[in-house]
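I have placed the structure first, in the form of structure tokens, so that the comments after it can refer back to it.
Protein chains: 2
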Amino acid sequence: MSTTPSQRDLQKARTRRALLDAGLGLLKEQSLSSLGLREITRAVGISPAAFYRHFRDVSDLGVALVEESLGSLHEVIRSGLTEHTEDAERIDHLVGAIAAYVRAHPEHIRFVASERHGGVAAVRTAIAAELDRFAAEVAGLLAEDEVSRGWSTEDLRMLGETYVDNMVMTASAFLEAAQGDGPASEAVAHTARRQLHLISLGRRHWTTSGQTSGA
Amino acid sequence: MSTTPSQRDLQKARTRRALLDAGLGLLKEQSLSSLGLREITRAVGISPAAFYRHFRDVSDLGVALVEESLGSLHEVIRSGLTEHTEDAERIDHLVGAIAAYVRAHPEHIRFVASERHGGVAAVRTAIAAELDRFAAEVAGLLAEDEVSRGWSTEDLRMLGETYVDNMVMTASAFLEAAQGDGPASEAVAHTARRQLHLISLGRRHWTTSGQTSGA
DNA sequence: GGGTTCAGTAAACAGTTGTGTGCCGGGCGC
DNA sequence: GCGCCCGGCACACAACTGTTTACTGAACCC
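Chains V and Y supply the protein sequences, listed in that same order.
Using the working numbering, read the first sequence as starting at 1 and increasing by one per residue.
Using the working numbering, read the second sequence as starting at 1001 and increasing by one per residue.
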């Protein structure tokens, strides 16, 4: 199947990585729509024209960063939700996992948080699609709990979105804590746990019939 | 007290408005950190140098936009929470109020959503401060419900933050709906109502003693 | 070993940017 | 009515931007 990595492809992949890393690094202090192509190549140490060998655009590089940033998170969440079934344990584990992920990949999280509603349409779309997948995945996992018996897929979907939104906000709050703004890391974790607990309580008392009036 | 508006101050205020409006308009398609000073003055029809008579920076203009965007929202929320006390009614009213606000001031909402985690530190800080005030305000209003009897101020605060986060997400979802991306407006409203109901249910069954382990 | 492929180069292109200077001219206070 | 105030202007500055062009040279395939 997969033939030799071919030393030339290897070098290409290496500078591609360098471009991605440099871009991500520069995004600590600005947003994607103001990130310059020359700025990136300068940081890497290659000529501006060489950029086009790897990406068509800066926003193209941005889209590539989305996958990279969110890809490895799926497994984290999956394990966070399946390893425990008891509420309190599960919440502790999940919040801890998010904190660990933020600590391990702060720039990726910052990138997603900034560009989720940022100025580059293609990137916004890519992030929205990825978060949608997360919501569906979470909904699927939560559907297996006994508590979810009889829930409509629509309600499960709503629950998944609530979880995902909450997780993104929490991750972003951890980030701010890590860099000194806002409340400290433990305070963020404390709040996040209580918020998840609140949702979890609501879930347990959810009645499956329609609760609110129609559109 | 307030002396005459002094026709000259009046003209100054008028071009200041024009600058703010032009800036806000241009932010539909990009983010603040890439918004150029010349771009703004060009849209208004004045010379670049004239910009400095009103703002020191583009980010200075951004900070001014924050107040403007979020200032008028306080009253909306206050009335949305106080006019009804019954859960379902209150939720309907609140979601409706958010939808109306987004329809009335779409650019302002887009601005806040983009720049909340955007690249300009001063603006980020200003938005965070304003949203903090919202959370405190919501917490204060919810404290008056019978359901909140015995809640610690810390828990109330957490509840307020949950509400505010949810409202921001909802507003942003309405915005995407209005411009064709994502689900339609009624679907957003439907999801938002169910999410608020979920939180409301959790609130009703919240037990005042510590639920989760320490930090 | 010879020809081809291709990541990276250097240079030039026409625009753009933020900021500083000096100056005008109409509303203002006296 | 005179003189100051001050919002706005024109112009110049150096620095920067994205993109194209023709090129080099090393790894590649046969």
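Glycine included, C-beta positions come from ideal geometry on N, C-alpha and C.
Remember, it's a predicted structure, so these values are computed and weren't measured experimentally.
Taking a C-beta cut-off of 8 angstroms against chain V, the contacting residues of the region 1190-1206 of chain Y are 1190, 1191, 1193, 1194, 1195, 1197, 1198, 1199, 1200, 1201, 1202, 1203, 1204, 1205 and 1206, listed in chain order.
One alpha carbon belongs to residue 1137 of chain Y, the other to residue 1099 of chain Y, and they sit about 20 angstroms apart.
Counting every other CB atom within 10 Å of its CB across the protein chains shown gives residue 205 of chain V a total below 16, marking it as exposed. At a C-beta separation below 8 angstroms, residue 84 of chain V has no neighbours in chain Y, since its nearest C-beta there lies roughly 13 angstroms away.
Taking 9 angstroms as the threshold, the shortest C-beta distance from residue 73 of chain V to chain Y does not fall below it. Between residue 109 of chain V and residue 174 of chain V, the gap from beta carbon to beta carbon is short of 9 angstroms. At least one CB atom of chain Y sits nearer than 9 angstroms to the CB of residue 181 of chain V.
For residue 1041 of chain Y, the three-state secondary structure derived from DSSP is helix. If the five residues before and after residue 1113 of chain Y are omitted, its C-beta is found closer than 6 angstroms to the C-beta atoms of 1172, all from its own chain and listed in chain order. A residue is called buried once 16 or more other Cβ atoms fall within 10 Å of its Cβ, and residue 1195 of chain Y is buried on that count. Residue-level contact check: residue 14 of chain V does not touch chain Y, since none of the beta carbons of chain Y fall below 9 angstroms from its beta carbon. Non-local C-beta neighbours of residue 1160 of chain Y in its own chain, meaning closer than 6 angstroms and more than five positions away in sequence, comprise 1135, 1138 and 1139, ordered along the chain. Going by DSSP, residue 1160 of chain Y is part of the alpha helix (DSSP H) stretching over 1153-1178. Residues of the same chain with a CB within less than 8 angstroms of the CB of residue 1044 of chain Y, apart from the 5 flanking positions on each side, are 1015, 1018, 1019 and 1022 in chain order. At a beta-carbon threshold of 7 angstroms, the residues of chain Y lying near residue 158 of chain V are 1191, 1194 and 1195, ordered along the chain.
For residue 1134 of chain Y, the enclosing alpha helix (DSSP H) covers residues 1121-1142.
The region 34-49 of chain V makes no contact with the region 77-92 of chain V; the number of CB pairs closer than 8 angstroms stays below 3.
Classified as buried, residue 101 of chain V has 16 or more neighbouring CB atoms from the shown chains inside 10 Å of its CB. Shown here, residue 1046 of chain Y sits in coil according to DSSP, grouped into three states, outside any helix or strand. According to the DSSP assignment, residue 195 of chain V belongs to the alpha helix (DSSP H) that extends over 185-204.
Taking a Cβ-Cβ cut-off of 8 angstroms, the neighbours of residue 1161 of chain Y in chain V comprise 191 and 195, given in sequence order.
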